[in-house]
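Visitor:
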Amino acid sequence: MVLIHPSLSHSFGYDSERRSNLMLLDDRTLVFIAGNLLVLLQVHTKEQRYLRSCSGEGIGAITAHPSNEYFVIAEKGNQPLILVYEYPSLRLYHILRGGTELVYSSVDFNLDGSILASVGGAPDYMLTLWDWRHEEVMLRCKASSQEVYRVRFSPHNPELLTSSGTGHVKFWTISPTFTGLKLQGVMGFFGETSATDVEGFVELPDRKVVTGTEWGNLLLWDREAIKVEICRIERQSCHVGTAQPFSLEDGLLMTFGSDGVIRGWDIEKINMADTHSGRLEMEPINELVVGHNVCLSSVVRSPLPNSFIWFAQDSNGAIWKLDLSFTNTTPDPECLFTFHAGSIHGLDVCKTSHLMATTAPDRSVKVFDFLAKKQLTTSCFNQSGTTISWAPPWVKASSGLLATGFEDGVVRLLELYRPQSLYALSRSSCEEDGKLRLKQAFKPHSESVTALAYERNGEILATGSADGTVFFFSVGEKYLPIGFIHVPSPVQALEWSPASHSNNRLLILCWSGHVVEVNCPNPKDQEPLKTFLLPELHRRSFRFQSIKSRIKRQEEILRLQALKEEKKKKAKELLTLIDAKQEEDEEEEEEKEEELPPIYTPDPPSPLYCGFYSEPDHFWLSMGGFDSGYLYHCKFSENQDEEPEKRKDEPFHFLPIHNADNDPICSITFSSSRELLLCGMHSGSIRVYPLQPGDLSLTSMQSYWVLSLHDNQNGQLHHIRCSHDDLFVLTAGDDGNIFSFTRRPPEELQSSLQRKAAMIPSPSVGLESKSLVLDIEDPAAYSLEAAKQRQVKDHVRRDAALTVTETKKKLHELQRKFRQVLDENLSLPKHVCLKPEELQINHGFNEQAEHLKAQRVSEVRRELAWEEERCCIELRKRQDWNPLEINVVTVVAIHSSHRVSTYPLPSVAKPLPEAMNQCPPTQGNEIRDTAPSGKKTFNHTSKNSNNHEDTDVPPVVPRAKIKLGDRQEERLQKAAEKAQQARAKIEKRKQEWALIYSEKPEEEQDNLEDEQALLEAREKMWDIPSKNQIESIEKKKEELMALEAHICEQQAEMNQHILGLRHSKVCLVSSLHAQIQRLQNIQDRLALNLHQPVPELPNVLPGETPQTELQINRSNLERYDVLGENKWNFVHQEEKEDQERAASLSDQLQKVEKDKRRKEYKTSREMENTKHEVAEQIGVKEELQKEEELRRLYEQDLLLEQMRRWVSQFDAQLVSLRSQKLHIDDHLKRAELCRLTHIKEMLLLKHFESRKSSLQITERIKEDNSVMAKLEQCKAQLEEKMRDIAKIQESEKALTAAFKASLGENEFENFLIKVFKKKIKRVKKTEMAGDDEEEEDSDEEDSDEVNWNEVQYSDTEEEDVLNDSVCPPGCEPELFEHALQQRERRLDLEDLLMEEKEAAEVLRKECDTLKKEKMLKSKRKAAENDLDMITREIQEKMNKLDILVPVKLHQIEFVIDDGMPRDLSQALVLNKCELTRLQEGIQQLQAETLPEKDLQTHAKIISDRRDMKAKIQVLEKKCDEQMMSKFGRLVDLEDLQTLPENRRHEELRHEKLLKESACDKQIKQLDVKMEEAHQALMKVINCNTEHRCSLLKALQQKKELEDIHRNRQRETGRQQFQDYSRCVDQDEIRWLQQLTEMQSEQIKAIRREICLLSCKGGHVLPSDLTLLPPCVPAPPPKKALHHLPTDK
């Protein structure tokens, strides 16, 4: 079979969602990317030309040369190319290589077209500048680490570029350096503005750049910073959605947005914008609304000079032609082309004509004539289309019926017809060649419809959905539902069995890999009464189990076997040349086989893409994910009763697909002759496989033809169809492109276009007279099954209601008969009348009935208890709610349009708890309050220790008196007098301090004068928020809540007045009704000509009494009952009839009432007539009549006047209240502005609260204090340990001294001292308690690491082992035992000393650790500094907050040039009273300057007092230290001053002076002797130095002689070694030569032996075998030979 390659016929799609996918080469040629094609579209003729991607992997970006003589295609793929084409010849001109790794995202020429800039996508994002004419790279640099959307040269400066993308904009400069040109980029800093994706920008002449934002405003960049943000007046965004500037024309900055509007802005005003405010509010000068539902994404300008024509890309699938001249004659925007927006979800072709229908997420259905290459019609709906199916010709004779599924589960039947036939009858014209009409709409599913399929006979339509159901409909003039079935997962595709199969079945392919086959349902057998579910429909299921890993494993085994066979074959060929030993080695290597791939089952299962029948019970499947790359042949298992897990459904055959492991088949279709298999791949390519006729097993599926036109990344090909005559192939992908291919050459295709045309069906008979079909527009509408279930429930409830009604009727009839029997019984005589007891046939019947009734009633109450409680609670809540919080009461005037409404009161927030109301302490208070506590404990312990030491001072031993001189006596007397004077001075000072302290006020009590002065200062000073107030969120909340409470209070007060007015209106209406009734009674008795018009009665409107809706009364209950009954009625006619009956009944009642009034009037008239007759008879008839008439006329006028007065009074009250409410509205609006300011401040404080809390000042202070306390405590414990160690050491010394003293003069003194000092190995007492072993001696040395459980000592002074177990002869045993006991005491003291030292070492390490942690203080200080910075930042932010202040014109005094400026942003808003207060405050402050000096002096005194207090503490501490060092304890200085001079002290001082003089004489004598000895020592040292110098010289000479001798020996040995090695080498050479000769002789002999053995009968030994030379022994080792003897 010869395969004719399909060629591209036409492209019906446009990837409108791609960025900058529109280019203009001349005024009539548009260029855009469609998949892997570049489409050149003629605007006028709509002809298309194509350029395909050279790499076949797609196109990334396009641009045109400024001269429009060239255009550039930047491709995608591995190391993509940049192709430069000539225009209009379309000849490839240049190829640029190596600009990026995978894809280009944007390209652009500079102004003169000499340089091309390109930027790549992920992963490198490389910006490259090209000299494209020479195909060379000029500069390159990494553009960003995020996706880059666009790069552009500045049109004003060729050295500037700008790039933008995801969350960034970058400004580039081509700057010359000493090494050449360099590309330097600066990233734009958004600052306080939120970061945004930048898609469009415009460079200004002064190097500024204007960019768009995602929220619709514009940003003006000056270098790398934002100068100003541009918006509209009142902070409205420039565009709704995203905004992109695109051009600078005649002083106008042109922008477009996703709202479909183009606006022009004054660029001069933008350049002169003030940067202080950071925002510029302005209105556009020009504006053009392109259209509704338009989302512009890029625009290109016509290349004609002075042209205002632009072409715009609409992301919703259109290309527009725009005239931006903004004149009166500017034409409206013109939509040139329309396409689908987004991926194509459905495609199908007509079975009888060259028509194609598609649907997409843009909620449209389009029909194309792919033979004529045009679009016929488009219909739009409320939901996205998901699938479409063209009905076969045997369903609709005209072949114009389309079944379309939508996202909300609705299926719509659309009828295609030619509208010219209808318009021909009406003699009108129609531009469209075809039109779609809704024929029927039904909703079988609750989720999106995913598949539609007509049965092979066209009698049944099957629909599949993502909700896991398949619905069947009988096909006819109206599609009727048959029923549905459930499937395991969302439906992927539906496939009916072909006509060649005997059974008519449906193959259901599910997304999760399940395959279900069901028989075709019979519409006549299925009668859905309660549900559409078809449980009895026969079905078979198959669950795909992955076998790909086993296939790969088997392929690997076969590959290894083939490799092994190949190796064996090569081994046999080389067997003659390889030894047996080498052969064995190779066999061992072959045994080491490669590791096989493991068995893997994907979880979750691989998705199922498509499938089709091969033969009955057999089908092919194409899987995605892990299982892609194969077509799997499967069949249904015979054991359908087993569970799928036990059944283990697996394919029984598979077919590998070439290069499809990562590119699965997404869709499959056959030609009508089934000679071609067409596959749509995941990569967007098309594969065409030729098949042999009747090849159901696809054995001939080998060679194929492939074409890749859809986008390789996002152009998954889910839809591929053949035309009815197999001449065309239609494809639609997820990239939004639709291509048609033809299997004919272009010449034949042109001739077919001339001969044939697509047949559009004619409209059905009577179409113009048919009414429009109701569509399902509500997405929440019930599906067929849901509506059926609801209908069944309603029917059950209706039947139950009817049964209850009939039962009640029967019960009433029985009760009536029973009462009749009772009456008849009572009418009988007493002796015949039956008693009540006798009337009861069964006495237990009533009890049983009552018991049964009570039981049922209790059951019903239990069932309805929860619902009853819920309804009661709901009703109670609604009744308890304040109606003003829900509804607004509006009171309307009676004779005017004035009205007044209540305020909708919000629920007032609960007050904050007390813990929140209390302001947290400031950081300074925390620092002052939390002082370290360990210092006091340390001082206390030190004092205690000093007192303890005082108690241990030994008493002074009295000595003999020493006679003093007169001078000493006089000194003693003066000291006594001085002590007396000091005592008197101290007493006087105490009295003065007592007087001062008595006048000192208490610290907790405030001075009244100071409080009064502070109060006056607060009243005079203006409000300046303090630092603490700014930082307090709780206080701001309190202010906000107080303001809200004030607003609510004002609103509540006004609401009370309005409710009072409402109450007065209700009373007025009731009074007016009474007055009207009286007026009617009066007018009934007057003549008609005397009746004055009755005023119209006002009514209380529903808006005035909304609370009545929640009140329960009989009318409301009756209305609820009526609504409950009407709830279950689906036929609205009954409701209309009820309303008509009610209306007729009301009319009848009105008529009856009127007749009654007429009768009353007639009767009254008759009575009057009778009275008149009586009066005439009496003679006073006329007088009575006139008197009665005058009285009634007066009463009539009086009633009318009273009613008017009441109404006017009420209206006046309402107008007055309305004016009051307006004033309150003004006040509340001001309060609301103040509330808004408070909210801004509170949000600002909350924004900084997280930063303040992150500092953790309180925790740092507590941690610092705890560390200091631990450090002080640790130091105290360490000092105590050191004192204990000193005591133990003193005890040990005392013990040693006592032991030596106890020995006396003894010949064994040295031995006993050694026994006493011997260091032995001891076990702890805790271990000795459980172990009674003897102690072992040890003379080992101590190790560096001390083991505190077992301490080893060694006596290094003696070498012999000391035996201390036996007392030596001659020694006293008592002394020996005493030595051992003292040694034990010494060892105990040493153990205790070691423990104390260990504890002291631990404390010392802990102190060092805590000293390192003192760095927390610096961290705390840094945190406090950060807190101050945050506070200043909060103050700055507070100052920058905008506050709205309503100002009247007469309040504005800001005048410039005798006029009020338009911009009042520079004005200062100030209260005039406050201004007066400020002016007066200046004088007051000047007057308060003098007292302020006193206050400063007072503050200085307080500061000095604080400093002196600290200084006193330091001096006291120093004094204590001096006392301890001088006296050894703390003493009272006053006692010391008042202490008289001690005589004994003076005697001791005199004695000390005498001894010092004697000692000085002795010291002088010793100094003379020491000087003489020093001189003698110097002489000896000098002599010794001379001897040592001579010795050093001798040693140096000896060393030189030894070096000379050693060098001579080394030279002699080297010569001997060289001679010896030369002799040894010659011997080895001779030996090797002999060995070589012998081996050659042996080889010759072996060869002769081989020749003999190879001959016939060659078992004879060679004759010269015995003559073989013997093997020469190996020479001795080389190392042994080279060993030389050394001279000794």
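Heads up: the sequence shown begins at 27 in our numbering, then just goes up one per residue. For glycine and all other residues, C-beta sits at the position ideal for the given N, C-alpha and C.
For the alpha helix (DSSP H) that contains G1507, what are its first and last residues?
Guide: For the purposes of this step, residue 1507 is identified with residue 1481 of the sequence shown, where counting begins at 1. Residues K1498 to A1513.
Visitor: Count the other CB atoms, across all protein chains shown, that sit within 10 Å of the CB of S699; report buried if there are 16 or more and exposed otherwise.
Guide: Sequence index remark: in the sequence shown, residue 699 carries index 673 (1-based). Answer is exposed; the Cβ neighbour count stays below 16.
Visitor: By how many angstroms is the C-alpha of F432 removed from the C-alpha of V385?
Guide: For this step, residue 385 is matched to residue 359 along the sequence shown. For this step, residue 432 is matched to residue 406 along the sequence shown. Before going further, note that residue 385 is Thr rather than Val in the sequence given. T385 and F432: Cα-Cα distance of roughly 9 Å.
Visitor: Thinking C-beta only, is L681 closer than 7 Å to L724?
Guide: What you label residue 724 is simply residue 698 of the sequence shown in a count that begins at 1. What you label residue 681 is simply residue 655 of the sequence shown in a count that begins at 1. Their beta carbons are under 7 Å apart, which means L724 touches L681 by this criterion.
Visitor: What does the Cβ neighbour count give for K1605, buried or exposed, with the cut at 16 atoms within 10 Å?
Guide: Along the sequence shown, one-based indexing puts residue 1605 at 1579. Exposed, by the Cβ-count rule.
Visitor: Counting only the same chain and skipping the five closest in sequence on each side, list residues whose C-beta sits under 6 Å from that of E641.
Guide: For the purposes of this step, residue 641 is taken as residue 615 along the sequence shown, with counting starting at 1. For E641, where only same-chain residues beyond five positions count, the Cβ hits under 6 Å are L722.
Visitor: Rounded to the nearest angstrom, what separates R389 and C361 at their Cα positions?
Guide: To locate residue 389, count along the sequence shown from 1; it is residue 363. To locate residue 361, count along the sequence shown from 1; it is residue 335. Roughly 19 Å between the two C-alpha positions.
Visitor: Taking buried to mean at least 16 other C-beta atoms within 10 Å of its own C-beta, is K1704 buried or exposed?
Guide: Within the sequence shown, the letter at position 1678 stands for residue 1704. Any reading at K1704 must be qualified, since the residue scores a pLDDT of 42, below 50, and its modelled position is unreliable; the value itself is stated next. Classification for K1704: exposed.
Visitor: Can you tell me which residues form a DSSP beta bridge with P630?
Guide: Along the sequence shown, one-based indexing puts residue 630 at 604. Bridge partners of P630: none, in fact.
Visitor: Since Y175 and E250 are thought to touch, with beta carbons under 8 Å apart, how far apart are those beta carbons, to the nearest angstrom?
Guide: The residue given as residue 175 occupies position 149 in the sequence shown. The residue given as residue 250 occupies position 224 in the sequence shown. About 19 Å separates the two Cβ atoms, so there is no contact after all.
Visitor: Which two residues bound the contiguous alpha helix (DSSP H) that contains V1341?
Guide: Counting from one through the sequence shown, the residue named residue 1341 turns up at place 1315. First-last of the alpha helix (DSSP H) with V1341: E1335 to K1343.
Visitor: What separation, rounded to the nearest whole angstrom, lies between the Cα atoms of F844 and P862?
Guide: Translated into the one-based positions of the sequence shown, residue 844 becomes position 818. Translated into the one-based positions of the sequence shown, residue 862 becomes position 836. The straight-line gap from Cα to Cα measures roughly 12 Å.
Visitor: Helix, strand or coil for A935, going by three-state DSSP, please let me know.
Guide: By 1-based counting over the sequence shown, the position of residue 935 is 909. Legend: pLDDT at A935 = 43, less than 50; position of this residue unreliable, value from coordinates given subsequently. Three-state result, A935: coil.
Visitor: Could you name each continuous alpha helix (DSSP H) segment of 4 residues or more that falls completely within the region 833–913, going from the start of the chain to the end?
Guide: Those alpha helix (DSSP H) runs which fall completely within the region 833–913 and span 4+ residues are 862–865, 869–889, 891–906 and 909–912.
Visitor: In the structure shown, what three-state DSSP assignment does H744 receive?
Guide: Locating residue 744 in the sequence shown gives position 718, where the first residue counts as 1. If DSSP states are grouped into helix, strand and coil, H744 belongs with coil.
Visitor: Measuring CA to CA, which of T239, E581, L244 and D248 is closest to R233?
Guide: Taking the sequence shown and counting its residues from 1, the one referred to as residue 233 is at position 207. Checked all of T239, E581, L244 and D248; the closest Cα to R233 is D248.
Visitor: Please determine if the region 134–141 and the region 106–124 are in contact, where contact requires at least 3 C-beta pairs separated by less than 8 Å.
Guide: No: the two stretches stay apart, fewer than three of their Cβ pairs being nearer than 8 Å.
Visitor: Sort out for me which residues DSSP pairs I577 with in a bridge.
Guide: Position 551 of the sequence shown holds residue 577. Its beta-bridge partners do not exist; DSSP assigns none.
Visitor: Counting pairs of Cβ atoms below 8 Å between the region 401–409 and the region 75–88, do you hit three or more?
Guide: No, because fewer than three Cβ pairs between the region 401–409 and the region 75–88 fall closer than 8 Å, the two stretches do not touch.
Visitor: Between which two residues does the beta strand (DSSP E) carrying V714 extend?
Guide: As a working note, residue 714 is residue 688 in the sequence shown. Its beta strand (DSSP E) spans residues S711 to P716.
Visitor: Looking at the secondary structure, which residues open and close the beta strand (DSSP E) in which C167 lies?
Guide: Here residue 167 refers to the residue found at position 141 of the sequence shown. Taken as a continuous stretch (DSSP letters only), the beta strand (DSSP E) holding C167 covers E162 to K168.
Visitor: If S648 sits next to I691, beta carbons under 8 Å apart, how far is it from one beta carbon to the other, in whole angstroms?
Guide: Walking along the sequence shown from the start, residue 648 turns up at place 622. Walking along the sequence shown from the start, residue 691 turns up at place 665. At roughly 4 Å, the Cβ-Cβ gap stays under 8 Å, so S648 and I691 are in contact.
Visitor: I'd like the span of the beta strand (DSSP E) that includes V459, first residue to last.
Guide: Here residue 459 refers to the residue found at position 433 of the sequence shown. First, the amino acid is wrong: residue 459 is Asp here, not Val. First-last for D459: undefined, no H or E at that position.
Visitor: Using DSSP with H/G/I as helix, E/B as strand and the rest coil, what is G86?
Guide: Within the sequence shown, numbered from 1, the residue matching residue 86 stands at position 60. In this structure, G86 counts as strand in the three-state DSSP scheme.
Visitor: Could you tell me the alpha carbon to alpha carbon distance between I573 and R531, rounded to whole angstroms?
Guide: If you number the sequence shown from 1, residue 573 lands on position 547. If you number the sequence shown from 1, residue 531 lands on position 505. The alpha-carbon atoms of I573 and R531 are separated by roughly 27 Å.
Visitor: Please check the pair S632 and G655, which I expect to be a contact at CB under 8 Å, by giving their CB distance rounded to whole angstroms.
Guide: Here residue 632 corresponds to residue number 606 of the sequence shown, with the count starting at 1. Here residue 655 corresponds to residue number 629 of the sequence shown, with the count starting at 1. Going by Cβ atoms, the distance from S632 to G655 rounds to 11 Å, so no, they are not a contact pair.
Visitor: Tell me the DSSP secondary structure of G1300 in three-state form.
Guide: What you label residue 1300 is simply residue 1274 of the sequence shown in a count that begins at 1. In the sequence on display, residue 1300 carries Cys and not Gly. DSSP places C1300 in helix when its eight states are reduced to three.
Visitor: Near H644, which residues of its chain fall below 6 Å by C-beta distance, leaving aside the five closest residues on each side in sequence?
Guide: Reading the sequence shown from its first residue, position 618 is the one you call residue 644. The answer, listed in chain order, is K661.
Visitor: Once the 5 residues before and after A919 are set aside, which same chain residues still bring their CB inside 6 Å of it?
Guide: In the sequence shown, the residue the question calls residue 919 occupies position 893. Closer than 6 Å at the Cβ level, and outside the excluded window around A919, lie D1237 and L1240.
Visitor: Under three-state DSSP, which class holds H1600?
Guide: Translated into the one-based positions of the sequence shown, residue 1600 becomes position 1574. In this structure, H1600 counts as helix in the three-state DSSP scheme.
Visitor: Compute the Euclidean distance between the alpha carbons of P237 and F179, then round it to the nearest angstrom.
Guide: Here residue 237 refers to the residue found at position 211 of the sequence shown. Here residue 179 refers to the residue found at position 153 of the sequence shown. Note on identity: in this sequence residue 237 is Thr, with Pro being the wrong assignment. Straight-line Cα distance between these residues: approximately 15 Å.
Visitor: How about the region 414–422 and the region 477–494: do they share at least three Cβ pairs that are nearer than 8 Å?
Guide: Counting Cβ pairs under 8 Å, three or more are found: they touch.
Visitor: If you draw a straight line from the C-alpha of P1124 to the C-alpha of C1093, how long is it?
Guide: Indexing the sequence shown from 1 puts residue 1124 at position 1098. Indexing the sequence shown from 1 puts residue 1093 at position 1067. Roughly 12 Å between the two C-alpha positions.
Visitor: In or out: L600 buried (at least 16 other Cβ within 10 Å) or exposed?
Guide: Within the sequence shown, numbered from 1, the residue matching residue 600 stands at position 574. So L600 ends up on the exposed side.
Visitor: Answer with buried or exposed for D1593, where buried requires no fewer than 16 other C-beta atoms within 10 angstroms of its C-beta.
Guide: Taking the sequence shown and counting its residues from 1, one reaches residue 1593 at position 1567. So D1593 ends up on the exposed side.
Visitor: Hey, quick one: how far does the beta strand (DSSP E) through D374 stretch, first residue to last?
Guide: As a position in the sequence shown, residue 374 is number 348, starting the count at 1. Residues G372 to V375.
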